[in-house]
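Here's the structure we're looking at; comments come further down.
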Amino acid sequence: MTEIRNQPLPRARQERLVVRELSGELLVYDLDRNKAHCLNQTAALVWKRCDGQTSIAEMCRVLEQATGAPVEEQVIWFALDQFTRDHLLEKRVNRPADVHRLSRRALIQRVGLAVSIPLVVSVVAPTVFASASCTQLCPGGLGQCAVPGCQGSCSGIPLTCGP
Amino acid sequence: MDKIDRLGWAAGISFVSYGVRVGIRVNKREILDQLAERFPPGWKPSRARVVERLYSLIVGGEGARLGVRPFNILYGNVEKLLRTLDLDEFLDVFESDVKLHVAAGARRRVFVHAGVVGWRGQAIVIPGRSFSGKTTLVAELLRAGASYYSDEYAVLDGNGLVHPYPRPLSIRENGKRVKYRAEMMGAKSGVTPLPLGLVIVSRYKVGARWRPRSLSVAEGALAMIENTVSIQRQPETVVETLQRAIPNATVLKGTHGEAKQVVDFILDHFDSTVIKH
Chain A
5 MTEIRNQPLP RARQERLVVR ELSGELLVYD LDRNKAHCLN QTAALVWKRC
55 DGQTSIAEMC RVLEQATGAP VEEQVIWFAL DQFTRDHLLE KRVNRPADVH
105 RLSRRALIQR VGLAVSIPLV VSVVAPTVFA SASCTQLCPG GLGQCAVPGC
155 QGSCSGIPLT CGP
Chain B
98 MDKIDRLGWA AGISFVSYGV RVGIRVNKRE ILDQLAERFP PGWKPSRARV
148 VERLYSLIVG GEGARLGVRP FNILYGNVEK LLRTLDLDEF LDVFESDVKL
198 HVAAGARRRV FVHAGVVGWR GQAIVIPGRS FSGKTTLVAE LLRAGASYYS
248 DEYAVLDGNG LVHPYPRPLS IRENGKRVKY RAEMMGAKSG VTPLPLGLVI
298 VSRYKVGARW RPRSLSVAEG ALAMIENTVS IQRQPETVVE TLQRAIPNAT
348 VLKGTHGEAK QVVDFILDHF DSTVIKH
């Protein structure tokens, strides 16, 4: 197997994920963590190439073909960092020491707007009760929350209790 | 047999709503009519002897013994959900709980916590939790001529169409919930399922100006997932349903102050720019 400086090439996690494509973006639901992720088009392109065979340089070329603009390796690493954070890779991929971590803003300043920055937006899936309306308006006034599944005490204006 | 089963029950009923079987037993027969008004929409009586959720309601009322406070007590299966002297609160909590369990257990529908109206053959869905201002937006849209679908759940079928959830609007007035039928606000209730045209992800903030930004449809799906009752129970069904529902929708996000600002924006832009198809 090809390696990036003594570590395996990135491989997208396949198990326990529900993956659906929506207008070029990916909606990914993690069954283990009950989190949903939205990968924008650039992140989706990179993630699809995380097959354990494709090097970072090759991923750059794929993105260059898709966008028609030059792509730096920093862009790929920015995506991989997010995939690692969100457990979307089979194994963690560490940046080489000479590839510095950049913030989103710094990356935009560096690569400009020709290439859309890969982004992963995530939400935690609610439990049944957390998705409920805790809106019985605390009919008893201040005190313990009266709604099943809503915890805490009634406070604030208007009186409400949170899930 | 649980202790609760040995209490004296005067009457009972079981019904099916969205495929979920619910049983109810009460200590006073006359309360059943009041309860029926609060069942989820589309309920039908059932002869099922086995139910997925059994409610046991002890109504205090006037028959309580001298010196005993006439508490109303609500059980969901064997769990005590509420003990209160206030009958309205008792009925409200029952209604809220039964609707939530039906929404969570529905087999062929996906329930998203949201307000919904119909406008020119498409559904406008406003996902959000309590106090996000969705009922106020729904009411304002109805005053502007939209048809009423729901102020509580967007009900999606397997093809991604949005169905009506016809319960009266529940509007807060002076700290109390007041129920209004759509017709009382001069609006019609929607009947036919509609394709999803617009998703408004918004939260009420005092004094905020409505300056929305567009989200991608996948981000819109994420906003729906955040408010989907059964996402943890049936994630694949939910994701597939949203994949069918949302691709042609426009998704807008922003904070809003006055509901009328949002509604005017929608009405100004609905035909020309907001709805893509």
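Protein chains in written order, with this note's numbering: chain A, 5 to 167; chain B, 98 to 374. For each residue, glycine too, the CB sits at the ideal point set by N, CA and C.
Should Asn276 (chain B) be labelled buried (16 or more other beta-carbon atoms within 10 Å of its own) or exposed? Along the second sequence, one-based indexing puts residue 276 (chain B) at 179. Reading off the sequence, residue 276 (chain B) comes out as Lys, not Asn. Exposed, because fewer than 16 other Cβ atoms sit within 10 Å of the Cβ of Lys276 (chain B).
Contacting residues, own chain, Cβ-Cβ under 8 Å from Glu68 (chain A) (five flanking each side not counted): Here the question's residue 68 (chain A) lines up with position 64 in the first sequence. Correct list, in chain order: Pro74, Val75.
Go through its chain and collect everything with a Cβ distance to Asp90 (chain A)'s Cβ below 8 Å, but skip five positions before and after it. Here residue 90 (chain A) corresponds to residue number 86 of the first sequence, with the count starting at 1. Listed in chain order, the non-local C-beta contacts of Asp90 (chain A) below 8 Å within the same chain comprise Asp34, Lys39, His41, Val124, Ser126, local neighbours out to five positions each way being set aside.
Using a 10 Å radius around the Cβ and a threshold of 16 neighbouring Cβ atoms, would you call Asn256 (chain B) buried or exposed? The residue labelled residue 256 (chain B) in the question sits at position 159 within the second sequence. Burial call: exposed.
Runs of beta strand (DSSP E) lying entirely within the region 216–300 of chain B, each at least 3 residues, in chain order: Complete beta strand (DSSP E) runs here, min 3: 219–224, 244–247, 250–253, 266–270, 273–277.
Quick check: what's the CA-CA separation for Arg15 (chain A) versus Ala48 (chain A)? In the first sequence, residue 15 (chain A) corresponds to position 11, counting from 1. In the first sequence, residue 48 (chain A) corresponds to position 44, counting from 1. Looking at the two C-alpha atoms, the distance is approximately 13 Å.
Find the nearest neighbour of Asn10 (chain A) within the set A:Glu29, A:Ser59, A:Lys52, A:Cys64, judged by alpha-carbon distance. Within the first sequence, the letter at position 6 stands for residue 10 (chain A). Nearest to Asn10 (chain A) by C-alpha distance, out of A:Glu29, A:Ser59, A:Lys52, A:Cys64, is A:Ser59.
In the region 327–352 of chain B, which residues sit with their C-beta less than 9 Å from some C-beta in chain A, listed in chain order? Result list: Ser327, Ile328, Gln329, Arg330, Pro332, Glu333, Val335, Val336, Glu337, Leu339, Gln340, Ile343, Pro344.
Taking CB distances under 8 Å as the criterion, tell me whether Leu319 (chain B) reaches chain A. Taking the first residue of the second sequence as 1, we reach residue 319 (chain B) at position 222. At least one chain A Cβ lies under 8 Å of Leu319 (chain B).
Whose C-alpha, out of A:Lys95, A:Leu93, A:Arg114, is nearest the C-alpha of His104 (chain A)? Taking the first sequence and counting its residues from 1, the one referred to as residue 104 (chain A) is at position 100. Among A:Lys95, A:Leu93, A:Arg114, the Cα nearest to that of His104 (chain A) is on A:Arg114.
Taking only runs that begin and end inside the region 295–333 of chain B, name each unbroken alpha helix (DSSP H) of 4 or more residues, in chain order. You should have 314–322.
Give the residues of chain B in contact with Thr131 (chain A), contact being defined as C-beta atoms less than 7 Å apart. The count along the first sequence starts at 1 and reaches residue 131 (chain A) at position 127. Ordered by position in chain B, the residues that pass the 7 Å Cβ test against Thr131 (chain A) are Gln329.
Can you list, in chain order, the residues of its chain whose CB lies under 8 Å from that of Leu364 (chain B), leaving out five sequence neighbours each side? Within the second sequence, residue 364 (chain B) is the residue found at index 267, counting from 1. Non-local beta-carbon contacts of Leu364 (chain B) in its own chain, meaning distances under 8 Å to residues more than five positions away in sequence, involve Ala241 in chain order.
Taking all protein chains shown into account, decide if Ala101 (chain A) is buried (16 or more other Cβ within 10 angstroms of its Cβ) or exposed. Here residue 101 (chain A) is taken as the residue at index 97 of the first sequence, counted from 1. Per the 10 Å Cβ criterion, exposed.
In chain order, what residues of the same chain have a beta carbon less than 7 Å from the beta carbon of Leu129 (chain B), not counting five sequence neighbours either side? For the purposes of this step, residue 129 (chain B) is taken as the residue at position 32 of the second sequence. Correct list, in chain order: Ala108, Ile110, Val123.
Rounded to a whole number of angstroms, what is the C-alpha to C-alpha distance between Val335 (chain B) and Gly157 (chain B)? Translated into the one-based positions of the second sequence, residue 335 (chain B) becomes position 238. Translated into the one-based positions of the second sequence, residue 157 (chain B) becomes position 60. Roughly 41 Å between the two C-alpha positions.
Spatially closest choice to Gly120 (chain B) from B:Asn169, B:Asp194, B:Val252, B:Leu182, by CA coordinates: To locate residue 120 (chain B), count along the second sequence from 1; it is residue 23. For the residues B:Asn169, B:Asp194, B:Val252, B:Leu182, the minimum Cα distance to Gly120 (chain B) belongs to B:Asp194.
Counting contacts by CB-CB distance shorter than 8 Å, is Ser313 (chain B) in contact with chain A? Within the second sequence, numbered from 1, the residue matching residue 313 (chain B) stands at position 216. Closer than 8 Å: yes.
Alpha-carbon spacing of Ser244 (chain B) relative to Pro292 (chain B), whole angstroms: Walking along the second sequence from the start, residue 244 (chain B) turns up at place 147. Walking along the second sequence from the start, residue 292 (chain B) turns up at place 195. If I take the Cα positions, the gap works out to 14 Å.
In whole angstroms, what separates the C-alpha of Tyr262 (chain B) from that of Glu62 (chain A)? Reading the second sequence from its first residue, position 165 is the one you call residue 262 (chain B). Reading the first sequence from its first residue, position 58 is the one you call residue 62 (chain A). For Tyr262 (chain B) and Glu62 (chain A), the distance between alpha carbons rounds to 51 Å.
Alpha carbon to alpha carbon, how far is Ala220 (chain B) from Lys196 (chain B)? Give it in angstroms, no decimals. Translated into positions along the second sequence, residue 196 (chain B) becomes position 99. Translated into positions along the second sequence, residue 220 (chain B) becomes position 123. Rounded to whole angstroms, Lys196 (chain B) and Ala220 (chain B) show a C-alpha spacing of 22 Å.
Interface flag, Ala201 (chain B) vs chain A, CB-CB below 8 Å: Here the question's residue 201 (chain B) lines up with position 104 in the second sequence. Cβ-Cβ to chain A under 8 Å: yes for Ala201 (chain B).
Through-space distance from Gly72 (chain A) to His260 (chain B), alpha-carbon basis: On the second sequence, position 163 is the one that residue 260 (chain B) refers to. On the first sequence, position 68 is the one that residue 72 (chain A) refers to. In a straight line, the C-alpha of His260 (chain B) is about 43 Å away from that of Gly72 (chain A).
Identified DSSP bridge partners for His41 (chain A): Reading the first sequence from its first residue, position 37 is the one you call residue 41 (chain A). Secondary-structure assignment with DSSP links His41 (chain A) through a beta bridge to A:Val32, A:Ser126.
Between which two residues does the alpha helix (DSSP H) harbouring Gly202 (chain B) extend? Translated into positions along the second sequence, residue 202 (chain B) becomes position 105. Note, Gly202 (chain B): alpha helix (DSSP H), 184–202.
Rounded to the nearest angstrom, what separates Asp183 (chain B) and Arg166 (chain B) at their Cα positions? Mapped onto the second sequence, residue 183 (chain B) falls at position 86. Mapped onto the second sequence, residue 166 (chain B) falls at position 69. For Asp183 (chain B) and Arg166 (chain B), the distance between alpha carbons rounds to 12 Å.
Considering only residues of the same chain and omitting the five flanking positions on each side of Arg274 (chain B), which have a CB-CB separation below 8 Å? Residue numbering aside, residue 274 (chain B) sits at position 177 when the second sequence is read from its first letter. For Arg274 (chain B), where only same-chain residues beyond five positions count, the Cβ hits under 8 Å are Asp189, Ser267, Ile268.
Considering only their Cβ atoms, is the gap separating Phe82 (chain A) from Ile121 (chain A) smaller than 8 Å? The residue labelled residue 121 (chain A) in the question sits at position 117 within the first sequence. The residue labelled residue 82 (chain A) in the question sits at position 78 within the first sequence. Cβ distance < 8 Å, so Ile121 (chain A) and Phe82 (chain A) count as in contact.
According to DSSP, Ala211 (chain B) sits in a beta bridge with which residue or residues? Position 114 of the second sequence holds residue 211 (chain B). DSSP output for Ala211 (chain B) lists B:Pro224 as bridge partner(s).
Any C-beta of chain A within less than 9 Å: which residues of the region 145–159 of chain B qualify? Taking 9 Å as the Cβ-Cβ cut-off against chain A, none of the residues of the region 145–159 of chain B qualify.
Exposure label - Arg310 (chain B); buried when at least 16 CB within 10 Å: Residue 310 (chain B) sits at position 213 when you count from the first residue of the second sequence. Counting Cβ neighbours within 10 Å, Arg310 (chain B) comes out exposed, since fewer than 16 surround it.
With DSSP as the reference, please indicate the residues paired to Ser114 (chain B) in a beta bridge. On the second sequence, residue 114 (chain B) is found 17 positions in, with the first residue counted as 1. According to DSSP, Ser114 (chain B) shares a beta bridge with B:Val117.
Along the chain, where does the beta strand (DSSP E) that runs through Val22 (chain A) open and close? Here residue 22 (chain A) corresponds to residue number 18 of the first sequence, with the count starting at 1. 21–26 is the extent of the beta strand (DSSP E) around Val22 (chain A).
Comparing C-alpha positions only, which one of B:Ala201, B:Val214, B:Asn345 sits nearest to Thr131 (chain A)? Position 127 of the first sequence, counting from 1, holds the residue named residue 131 (chain A). Out of B:Ala201, B:Val214, B:Asn345, B:Ala201 has the C-alpha closest to the C-alpha of Thr131 (chain A).
Given that a residue counts as buried once 16 or more other Cβ atoms are within 10 Å of its Cβ, and exposed if not, what is Pro332 (chain B)? Counting from 1 along the second sequence, the entry for residue 332 (chain B) is found at position 235. Buried, since its Cβ has 16 or more Cβ neighbours within 10 Å.
Span separating the alpha-carbon of Trp106 (chain B) from that of Arg126 (chain B): For this step, residue 106 (chain B) is matched to residue 9 along the second sequence. For this step, residue 126 (chain B) is matched to residue 29 along the second sequence. Rounded to whole angstroms, Trp106 (chain B) to Arg126 (chain B) spans 9 Å at the Cα level.
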